[in-house]
Amino acid sequence: MAGSQLGLPAKGCLKAVMTQPNDLAAKHPNAAQLLQQGLLHHRQGEIALAMQRYNEVLGSEPRNADALYYVAVIACQEGRFRQGIDLARRALESGPPQARVHNLLGKALEREGSPIEALQHFEQAVALDQNFAEAHGNRANLLAATGRTEDALKAFERVLTLDPNSATDWANHGALLQQLGRHESALASYDKALALGLAPDDIAVLTNRANALVNLGRHKEALESFNKALTLMPGDINLLMARAHVLARLARYAEAEADFDSAIEREPKRQQTYLQKGQLLRDRWRYAEALACFEQALSIGPEDADTLLTKGQLLQNLGRIDEARAVTEKAIELDPSKTGGHMEFARMSRFVPGDPRLAPMQGLLPNIDRLPDMDQVHLHFALAKAHEDLGEHEQAFEHLVQGNAAQRRRQQNNHYDLNVLLDRFDRTARVFTPELFRIKSGSGNVSDQPIFIVGMPRSGSSLVEQILASHPGVYGAGERTDFLEATLSVTGNAAFPDCVPTITHAQLSELGAMYLSTVTQTIPSTDRFTDKLPVNFLVVGLIHLALPNARIIHIRRDPIDTCLSCFSTLFSSALEFTYDLRELGRYYGAYARLMEHWRRVLPQGVMLEVQYEDLVENIEAQTRRMLDFCGLDWDDACLAFHKTERPVLTASLVQVRQPLYRNSIGRWRPYRKQLQPLFEALGIKPDER
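Taking the working numbering, the leading residue of the sequence shown gets 28, the next gets one more, and so forth.
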């Protein structure tokens, strides 16, 4: 947000001085004439001549309030704010209170780092002249800067009523609205500012406007704003990096990488550029290059805790758990306040009685309410894991409740509505009838490469993928959004499932081909690959129509264990339904009904269902079932899945590196009392379990 504007006296003030001289000037007519000459020189930029006239007035009238004020203006314009403050105070002492003097004094005090006193003078300025738009604007800006956002909004409403053509105030109003998360309203204010002619080359407004569009998910429009800003300031590193993130959101990855490279070329010792480029490469499954970027960032700032944590997360993904733990420990030692570090370390470790690693986390608890929401989330989830390891289930669950509540607060502007989501499940079942399958079948892409693994999050999909990916003929491609993105592309962003009845045979073939193309461009050449995005359970019917020879494995797990595991996991993407036990139960029920529908309407042999508990009890028998279903020969490596070296990006990245264990079955039992809302939503009586 722009600060108070330090400029020449407003035209209205100039006119008042010339036509209504103060009492001292009236006694000495030459003073009024000299002031008028000084003001004309001042407005024409002839500062030396203006000062000469003002000093002539002060020579004969040392307490002339008008001359003192204008000399104070010049001092502030030249950056001599302390001198300007002294002169403005003398002006107030030398004559009746003037709104313009209080306004100038407030601006100078603000620049000198005295916001509270500055605000007092802006208050006095508007009290003396309720129509003084500039003072109202300065007051609004300072209220916003000091955290009084509601008062600031009211102040902006006042100033924009007084001066609806103030481009600067519209821009600052937009910045405040954006700070409050009201991005649509902020965008309207930015557009108003630019339309009014706030120098169309105002980089800050264009950048803020682009960021508002990003927050609204309107990335194409955001890109236009960033492009315009870059034409005005070519090669600006901050703009290049901001545009790179938008390009990545638009799946224009090569261009995003080029922007990062341009930023690196212009400033090769900037750590953040390597870090953010590495994150882009990591998200594009280019792990070795991503790790090299993180190493380069650490060569510039070896004790940067954030970069160490990011490197540690990638090492976890790569299965290099011991290295990841060491890097994360170093980050925590450098900055114990990094709650994300505590959470990552907790995920990789098991706490024991007297564990010294618990104290630093507990030390942060007394001031947790002062932490940003994300830090509160990290700390609560880390402590929940620690207390569960220690068998302290009541404390663990309390931290889960608080952590999920903090996560819900973070997502409150995401327009999440569980009812809308569940209605989509119901509509999907109504759309995909046996008749629709009869009409739409017979097209699609005939490839048998994809193996889709679907189900609820935390149901065992990572384990299934790790077992299959241990087969030499299968590549584990992880959680891919490619099918959902290809669907939107082929249907012109039409909503699912409403687009399905009108989808043509040609579009189904295009959908299958587009999906295969986007996936295979990012993975090694392979006979088969897995795609384990759990939410693909919603589009199982469309997958079969677009890829009739693809195999679909539905992994199921005890509903209470599944929901508790979701509630106790901080997912990397927003899964809002996991933050509340009742909502989790309702979501699980809708998922179960939809899967029952797929069982009824899908042709035989398209989908195999695997029960997690059966897989744990007899891994060989269930693995043989899965390999036979996928048309794959037996390979002993599938039973040694924990030894397979491959990137894993899901919340199960630690578990799949370990031999099969059974202690996650019935995990919910110590939490029987706390899980009552979940039992009610699921329609389950815990005493019968």
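Ideal Cβ positions, reconstructed from N, Cα and C, are used throughout, including at glycine.
Sheet register partners of residue i (DSSP bridge)
| i | result |
| --- | --- |
| Val-637 | Ile-582 |
| Val-501 | Arg-555 |
Cα-Cα separation, residue i to residue j
| i | j | result |
| --- | --- | --- |
| Pro-551 | Ser-497 | 15 Å |
| Ala-135 | Arg-384 | 50 Å |
| Leu-495 | Leu-569 | 23 Å |
| Arg-613 | His-571 | 27 Å |
| Asn-49 | Leu-119 | Below a pLDDT of 50, predicted positions are generally treated as unreliable, and Asn-49, at 44, falls in that range; no measurement from the model is reported. |
| Ile-348 | Leu-342 | 7 Å |
| Ile-579 | Val-633 | 6 Å |
| Arg-117 | Gly-224 | 37 Å |
| Pro-363 | Ala-423 | 21 Å |
| Leu-560 | Val-546 | 13 Å |
| Asp-400 | Leu-207 | 15 Å |
| Ala-285 | Gln-649 | 46 Å |
| Lys-296 | His-200 | 36 Å |
| Gln-71 | Tyr-97 | 14 Å |
| Glu-415 | Met-388 | 15 Å |
| Gln-151 | Leu-187 | 19 Å |
| Val-562 | Leu-602 | 10 Å |
| Val-683 | Thr-589 | For Val-683, the predicted model reports a pLDDT of 48, less than 50, meaning its position is unreliable and no value from the coordinates is stated. |
| Asn-130 | Glu-137 | 11 Å |
| Leu-132 | Lys-365 | 41 Å |
| Ala-102 | Arg-109 | 9 Å |
| Glu-512 | Arg-185 | 46 Å |
| Ser-595 | Ala-386 | 21 Å |
| Met-268 | Ala-283 | 8 Å |
| Gln-205 | Ala-577 | 45 Å |
| Ser-87 | His-69 | 20 Å |
| Arg-536 | Ala-373 | In the sequence under discussion, the amino acid at residue 536 is Ser, which differs from the Arg named in the question. Their backbone Cα atoms lie some 46 Å apart in a straight line. |
| Asp-93 | Val-128 | 9 Å |
| Ser-600 | Glu-506 | 11 Å |
DSSP three-state assignment for residue i, whether helix, strand or coil
| i | result |
| --- | --- |
| Pro-630 | coil |
| Ile-478 | strand |
| Asp-382 | coil |
| Met-401 | helix |
| Met-653 | helix |
| Lys-296 | coil |
| Tyr-314 | helix |
| Phe-564 | helix |
| Phe-149 | helix |
| Pro-697 | helix |
| Pro-261 | coil |
| Val-473 | coil |
| Trp-625 | helix |
| Arg-377 | coil |
| Asp-331 | coil |
| Ser-536 | helix |
| Thr-518 | coil |
| Tyr-96 | helix |
| Thr-508 | coil |
| Leu-705 | helix |
| Leu-119 | helix |
| Ser-488 | helix |
| Trp-197 | helix |
| Ser-679 | Low per-residue confidence applies at Ser-679: pLDDT is 49, beneath 50, and the placement is therefore not dependable enough to give any value. |
| Val-732 | Residue 732 falls outside the range modelled here, since the chain spans only 28 to 716, and no answer is possible. |
| Ser-599 | coil |
| Lys-712 | coil |
Near the ligand ADP: residue i beta-carbon under 7 Å from a heavy atom
| i | result |
| --- | --- |
| Ala-135 | Annotation note on the ligand ADP: not contained in the displayed structure, which lists no ligands. |
Pair within 8 Å by beta-carbon distance, residue i and residue j
| i | j | result |
| --- | --- | --- |
| Phe-253 | Arg-270 | yes |
| Leu-277 | Lys-247 | yes |
| Gln-493 | Arg-555 | no |
| Ala-231 | Val-241 | no |
| Gly-339 | Val-354 | yes |
| Thr-300 | Phe-321 | no |
| Ile-692 | Val-643 | yes |
Expected contact under 8 Å - CB spacing of residue i and residue j to nearest Å
| i | j | result |
| --- | --- | --- |
| Phe-159 | Ala-115 | With a Cβ gap of about 16 Å, Phe-159 and Ala-115 do not count as contacting. |
| Cys-657 | Ile-478 | 6 Å |
| Arg-80 | Gln-64 | 5 Å |
| Val-473 | Pro-630 | Actually they are not in contact, since the Cβ atoms of Val-473 and Pro-630 sit about 15 Å apart, beyond 8 Å. |
| Leu-336 | Ala-358 | 5 Å |
| Val-22 | Val-491 | Since the first and last residues shown for the chain are 28 and 716, residue 22 lies out of range. |
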